[in-house]
Amino acid sequence: MMILDDLIALPAEPARIRESIARTTRWAEESIGYHRANQHNGIGVDQNIFAIIQGGTDRTYRRQSAEELTALDFDGFAIGGLSVGEPNQAMYDTVEWTTPFMPTDKPRYLMGVGTPEDLVENVARGVDMFDCVMPTRNARNGTLFTSFGKINIKKSTFTTDETPIDPECGCYTCQHYSRSYLRHLYRARELTYFRLGTIHNLYYYQELMKGIRTAILAGKFAQFRREFYRKRNENRNIEPTAIA
Amino acid sequence: MDFHLNATDGGARAATLTTAHSTIATPVFMPVGTVGAVKALDAIDLQTHLEPQIILGNTYHLYLRPGDDVVAQMGGLHGFSQFPKSFLTDSGGFQAFSLSDNVKYAEDGITFRSHIDGSKHHFTPQKVLDIHTTSARIS
């Protein structure tokens, strides 16, 4: 469970960032004290408590917030306040500046992130856990993820396309249904489309994470990362119309 | 919760996280199940087709509707939703920030209006943890 934090919109004035950090730390102190006392009384014994590092996209403030919060006895730590409209590189830099000040023996969670590229880039920077509405929301809007980039199922090029969303995908949807059928369901606003599209996109995200983990365990993450981008770029040249 | 680092490769980490409800291999992506369901799917779809070990829930949403006390009465979040693996429950700080057009930050917590019916609510750090533990428990 995540504690209450003071989240700010970006860009933010330094005074507001300082206020957010101070308040987040004070609330974290109150939260951890309250939770440990509760556990002592048999409440929330199995529940884990995470604090949320703030500090905008500023290196010094992120370090300060990370140091203040990681001094407290939380089960894990999150990086919050990102993925709120800042440029991608600002997010990557902020994560890169923050993870060195997070414990190596506790989970690190980047909240609200992100695209497949964001996941690969932030794993490279030491993040363990992610969440995002992107795979589910995009599915409902007709955007489906594949190993060679995104496709938009609405496109007329799929009208009589017998192939699955991603020929390399092992998901339930790709095992049973064609792009043509899914495009038809989407255009007809059939509710079944939402389920089938959601299963595919979440499966894609799960497989991506499995691939990343396998590569890390084999000491081949750098290779995985290169291959991940190569596949996307290669396809961009061959079949540009398929990329949304 | 047990956190075991299996390997590192440059900055990247692979770990195993063991909670009361599941064993989670990281890096992990957690599907978002805000109100106790991943949109368009049910718990059996999840278990059959995706097998996630952890999904997100949001206590801001569950508190406003159907109420954390109702969730507790109906078997807690696990029993209510029939998803047996882990839930990571978010606090609602972000939702109050993004969904409420009228959120006030004070020293002891935040005051906001419900995006559902406009009713006024006050969250303190303690109140948020109470909602988390109530939602998870079977009453």
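Protein chains in written order, with my numbering: chain A, -15 to 228; chain B, 3 to 141. We put the CB at the ideal spot given by N, CA and C, even for glycine.
Checklist entry - Considering only C-alpha positions, which residue in the set A/55, A/56, A/75 is nearest to residue 64 of chain A? => result Translated into positions along the first sequence, residue 64 of chain A becomes position 80. Ranking A/55, A/56, A/75 by Cα distance to residue 64 of chain A puts A/75 first.
Checklist entry - Among B/80, B/126, B/118, which residue has its Cα nearest to the Cα of residue 101 of chain B? => result The residue given as residue 101 of chain B occupies position 99 in the second sequence. Looking at the Cα atoms, B/118 is the closest of the given residues.
Next on the checklist: Quick check on DSSP: helix, strand or coil for residue 113 of chain A?
Outcome noted: Here the question's residue 113 of chain A lines up with position 129 in the first sequence. Residue state, collapsed to three classes: strand.
Next on the checklist: Judging by CA-CA distance, which residue of A/93, A/7, A/117, A/4 is the nearest neighbour of residue 231 of chain A?
Outcome noted: Residue 231 of chain A cannot be examined here, being either before or after the span of chain A that is shown, -15 to 228.
Checklist entry - What residue ranges within the stretch 28 to 97 of chain A form continuous alpha helix (DSSP H) runs of no fewer than 4 residues, ordered along the chain? => result If we require 4 residues or more, the alpha helix (DSSP H) runs fully inside the stretch 28 to 97 of chain A come out as 43 to 54, 72 to 82.
Checklist entry - From which residue to which residue does the alpha helix (DSSP H) around residue 129 of chain B run? => result Looking up residue 129 of chain B in the second sequence gives position 127. Element bounds for residue 129 of chain B: 127 to 138.
Checklist entry - Who pairs with residue 133 of chain A in a beta bridge, going by DSSP? => result Numbered from 1 along the first sequence, position 149 holds the residue referred to as residue 133 of chain A. Within the DSSP bridge table, the entry for residue 133 of chain A names A/130 as partners.
Next on the checklist: Residues of chain B with CB closer than 7 angstroms to the CB of residue -10 of chain A, please, in chain order.
Outcome noted: Here the question's residue -10 of chain A lines up with position 6 in the first sequence. Against residue -10 of chain A, the close residues of chain B are 107, in the order they occur along the chain (beta-carbon pairs closer than 7 angstroms).
Checklist entry - In whole angstroms, what separates the C-alpha of residue 228 of chain A from that of residue 132 of chain A? => result In the first sequence, counting from the first residue as 1, residue 228 of chain A sits at position 244. In the first sequence, counting from the first residue as 1, residue 132 of chain A sits at position 148. In this predicted model, residue 228 of chain A has a pLDDT of only 38, less than 50, meaning its place in the structure is not dependable enough to derive any value.
Checklist entry - For a contact meaning CB atoms closer than 7 angstroms, what does residue -6 of chain A contact in chain B? => result Here residue -6 of chain A corresponds to residue number 10 of the first sequence, with the count starting at 1. Correct list: empty, because the minimum Cβ distance to chain B is about 12 angstroms.
Checklist entry - For the stretch 133 to 158 of chain A, which residues have a beta carbon sitting closer than 9 angstroms to at least one beta carbon of chain C? => result Of the chains in the structure shown, none is chain C; the protein chains are A and B.
Next on the checklist: Contact criterion: CB-CB distance below 9 angstroms. Does residue 31 of chain A meet it with respect to chain B?
Outcome noted: Position 47 of the first sequence, counted from the first residue, corresponds to residue 31 of chain A. Yes - at least one Cβ of chain B is within 9 angstroms of the one on residue 31 of chain A.
Next on the checklist: Given a cut-off of 9 angstroms on the beta-carbon distance, is the pair residue 81 of chain B and residue 125 of chain B in contact?
Outcome noted: Along the second sequence, one-based indexing puts residue 81 of chain B at 79. Along the second sequence, one-based indexing puts residue 125 of chain B at 123. No, the pair does not count as a contact, with Cβ atoms beyond the cut-off.
Checklist entry - For the putative contact between residue 29 of chain B and residue 197 of chain A, defined by C-beta atoms under 8 angstroms, what is the C-beta separation to the nearest angstrom? => result Walking along the second sequence from the start, residue 29 of chain B turns up at place 27. Walking along the first sequence from the start, residue 197 of chain A turns up at place 213. Right, their Cβ atoms sit about 6 angstroms apart.
Checklist entry - Given a threshold of 16 other Cβ atoms within 10 Å of its Cβ, counted over all protein chains shown, does residue 169 of chain A qualify as buried or as exposed? => result Indexing the first sequence from 1 puts residue 169 of chain A at position 185. Its Cβ being crowded by 16 or more others within 10 Å, residue 169 of chain A is buried.
Item to check | alpha helix (DSSP H) runs contained entirely in the stretch 131 to 183 of chain A, provided each spans 4 or more residues | outcome: Runs found: 156 to 160, 163 to 171.
Checklist entry - Per DSSP, residue 107 of chain B forms a beta bridge with which residues? => result In the second sequence, counting from the first residue as 1, residue 107 of chain B sits at position 105. Answer is B/112.
Item to check | CB-CB length for residue 114 of chain A against residue 97 of chain A, believed under 8 angstroms | outcome: Counted from its first residue, the first sequence places residue 114 of chain A at position 130. Counted from its first residue, the first sequence places residue 97 of chain A at position 113. With a contact defined as Cβ atoms closer than 8 angstroms, residue 114 of chain A and residue 97 of chain A qualify at about 5 angstroms.
Checklist entry - Got a sec: is the Cβ-Cβ distance from residue 222 of chain A to anything in chain B below 9 angstroms? => result The residue given as residue 222 of chain A occupies position 238 in the first sequence. For residue 222 of chain A, the pLDDT reaches just 44, beneath the cut-off of 50, and the residue's location in the model is therefore unreliable, although a value from the coordinates is still provided. No, its Cβ sits nowhere closer than 9 angstroms to a Cβ of chain B.
Checklist entry - Sorted by chain position, which residues of the same chain lie with C-beta nearer than 7 angstroms to residue 122 of chain A's C-beta, five sequence neighbours on each side aside? => result For this step, residue 122 of chain A is matched to residue 138 along the first sequence. Cβ-Cβ distances below 7 angstroms link residue 122 of chain A to 185 in the same chain, with the five nearest sequence neighbours on each side left out; the list follows chain order.
Item to check | Cα-Cα separation, residue 209 of chain A to residue 110 of chain A | outcome: For the purposes of this step, residue 209 of chain A is identified with residue 225 of the first sequence, where counting begins at 1. For the purposes of this step, residue 110 of chain A is identified with residue 126 of the first sequence, where counting begins at 1. The alpha-carbon atoms of residue 209 of chain A and residue 110 of chain A are separated by roughly 14 angstroms.
Checklist entry - Does residue 122 of chain B come within less than 9 angstroms of chain A when only Cβ atoms are used? => result Here residue 122 of chain B refers to the residue found at position 120 of the second sequence. Output row for residue 122 of chain B: interface = no.
Checklist entry - With distances taken between CB atoms, is the gap from residue 108 of chain B to residue 30 of chain A smaller than 9 angstroms? => result For the purposes of this step, residue 108 of chain B is identified with residue 106 of the second sequence, where counting begins at 1. For the purposes of this step, residue 30 of chain A is identified with residue 46 of the first sequence, where counting begins at 1. No. Outside cutoff.
Item to check | Whole-number beta carbon distance between residue -14 of chain A and residue 27 of chain A, since they are thought to touch under 8 angstroms | outcome: Taking the first sequence and counting its residues from 1, one reaches residue 27 of chain A at position 43. Taking the first sequence and counting its residues from 1, one reaches residue -14 of chain A at position 2. Residue -14 of chain A and residue 27 of chain A do not touch by the CB rule: their CB atoms are close to 17 angstroms apart, not below 8 angstroms.
Item to check | Selection from A/147, A/88, A/106, A/77 that minimises the alpha carbon distance to residue 160 of chain A | outcome: As a first step, residue 160 of chain A is located in the first sequence; it is residue number 176 there, counting from the start. Checking every option, the nearest Cα to that of residue 160 of chain A belongs to A/147.
Item to check | Stretch-stretch touch, CB-based, cutoff 8 angstroms, three pairs: the stretch 5 to 17 of chain B with the stretch 35 to 52 of chain B | outcome: With a cut-off of 8 angstroms, the stretch 35 to 52 of chain B and the stretch 5 to 17 of chain B do not count as touching, because too few Cβ pairs lie within range.
Next on the checklist: Using the three-state DSSP reduction, which class does residue 201 of chain A fall into: helix, strand or coil?
Outcome noted: Numbered from its first residue, the first sequence carries residue 201 of chain A at position 217. Three-state result, residue 201 of chain A: helix.
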